[in-house]
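Asker: Residue numbers (the numbering used here): 18 to 345.
I have a structure here, written as structure tokens, and I will follow up with some questions on it.
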């Protein structure tokens with residue numbers, strides 16, 4: 018089968034929603050994604066190393082707040098959704114999406130163990146003419162270094178035997194306004210044919226897709242989104258310390274600044290950073306940038322400022338309690 022014929026056949030199955038799709042990783046990204054694809058009519062198989070998660074999903078239970086158990090139960094009952102710990106289940110899949118964690122170690126070095134394991138495991142079972150998309154947040158070059166390499170080593174020719182793409186997750190857990198369907202999604206493929214298959218897949222669940230010119234651009238896009246947040250949060254946290262020193266209400270200042278209709282975006286102070294992404298993702302780029310002898314001073318500085326805020330907040334709380342003769 019020619020690469021054009023293989024691509025056309027896959028695009029048709031995705032458009033007609035007769036494809037079987039594997040979602041690797043059933044965490045806060047993977048499970049909502051799996052359910053959205055299943056709701057769209059695809060047959061979805063979730064793959065996760067956690068037996069508890071797999072058994073829970075198959076029993077109709079959700080371990081994610083944003084995914085109701087009733088929805089999981091219905092999709093499993095309709096046989097549109099199932100879960101397993103075995104990659105062998107992907108052997109009959111038309112597409113696979115990798116949505117596994119990308120943590121950093123104690124030295125802020127990227128840990129791609131989960132991505133490597135998923136890519137290598139899928140390369141052993143995915144049929145020719147199928148699609149593999151990485152969604153995990155990571156540094157530019159990962160898709161080519163890890164996913165493409167895994168399939169090349171198995172004799173696949175990307176863009177011909179296997180279609181490969183990258184589309185960074187954009188989920189904001191707990192956000193009632195922006196969800197997986199109405200949040201614009203950045204997409205890219207290794208080749209033009211790869212991109213067509215990626216678009217065919219995600220257009221079944223996302224209202225607006227944003228194609229970019231190459232995979233490294235897509236990878237760094239997500240990093241910059243979170244670096245932008247992290248740096249600005251650090252700025253407003255430092256500004257809070259300054260305002261406190263001058264006995265000025267930082268919240269009143271931000272409220273006043275927010276009346277300016279241009280050139281200002283409001284961020285709010287807090288006890289540092291939380292969540293899975295913003296405290297981690299900037300250091301993926303900082304680590305990779307060092308290979309190019311590029312200093313990432315804003316990233317490093319914002320990390321230090323945000324890391325100092327828990328102690329600052331606790332210190333202020335202690336002062337207030339002491340002033341009211343109460344213990345911490």
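Here a beta-carbon is modelled for each residue, glycine too, at the ideal position from N, C-alpha and C.
Keep in mind it's a predicted model, so treat the numbers as computed, not measured.
Counting C-beta neighbours from all protein chains within 10 Å, is the total for residue 265 16 or more, i.e. buried, or is it exposed?
Answerer: It is exposed - the Cβ of residue 265 has fewer than 16 other Cβ atoms within 10 Å.
Asker: Could you check which residue in 43, 283, 305, 190 has the C-alpha nearest to that of residue 73?
Answerer: Checking every option, the nearest Cα to that of residue 73 belongs to 43.
Asker: Tell me whether residue 355 sits in a helix, a strand or coil according to DSSP, three-state version.
Answerer: Nothing can be reported for residue 355, as the shown portion of the chain is limited to 18 through 345.
Asker: Name the residue from 134, 212, 176 whose alpha carbon lies nearest to the alpha carbon of residue 119.
Answerer: Cα-wise, what sits closest to residue 119 is 134.
Asker: Three-state secondary structure (DSSP) at residue 60?
Answerer: Residue state, collapsed to three classes: strand.
Asker: What residues are listed by DSSP as bridge partners for residue 15?
Answerer: Within the shown structure, residues of the chain are numbered from 18 to 345, placing residue 15 beyond reach of any answer.
Asker: For residue 295, which residues in the same chain have their Cβ closer than 6 Å to its Cβ, ignoring the five residues on either side in sequence?
Answerer: The answer, listed in chain order, is 243, 246, 247.
Asker: What are the start and end residues of each continuous alpha helix (DSSP H) run of 4 or more residues lying completely inside the region 18-42, in chain order?
Answerer: DSSP runs (the alpha helix (DSSP H)) wholly in the region 18-42: 20-33.
Asker: Residues in its own chain within less than 8 Å of residue 207 by CB, not counting five upstream and five downstream?
Answerer: Answer for residue 207: 160, 161, 165, 175, 176, 180, 181, 182, 232, listed in chain order.
Asker: Is it buried or exposed for residue 45, if we count other Cβ within 10 angstroms and need 16 for buried?
Answerer: When all chains shown are included, residue 45 counts as buried.
Asker: Restricting to Cα atoms, I'd like to know which of 63, 203, 124, 23 is closest to residue 154.
Answerer: Considering only alpha carbons, the answer is 203.
Asker: How should residue 59 be labelled, buried or exposed, when 16 other C-beta atoms within 10 angstroms of its C-beta is the threshold for buried?
Answerer: Classification for residue 59: buried.
Asker: Taking the alpha-carbon of residue 157 as reference, which of 210, 313, 304, 66 has the nearest alpha-carbon?
Answerer: Answer by Cα proximity: 304.
Asker: Where are the alpha helix (DSSP H) runs, 4 residues long or more, that stay fully inside the region 210-298, in chain order?
Answerer: Qualifying alpha helix (DSSP H) stretches, in chain order: 232-262, 267-274.
Asker: Assign residue 164 to one of three DSSP states: helix, strand, or coil.
Answerer: Of the three classes helix, strand and coil, the one that applies to residue 164 here is helix, per DSSP.
Asker: Would you tell me roughly how many angstroms separate the C-alpha atoms of residue 312 and residue 241, rounded to the nearest one?
Answerer: Straight-line Cα distance between these residues: approximately 15 Å.
Asker: On the DSSP bridge list, what partners appear for residue 313?
Answerer: Looking at the DSSP assignment, residue 313 forms no beta bridge with any residue, so it has no partner.
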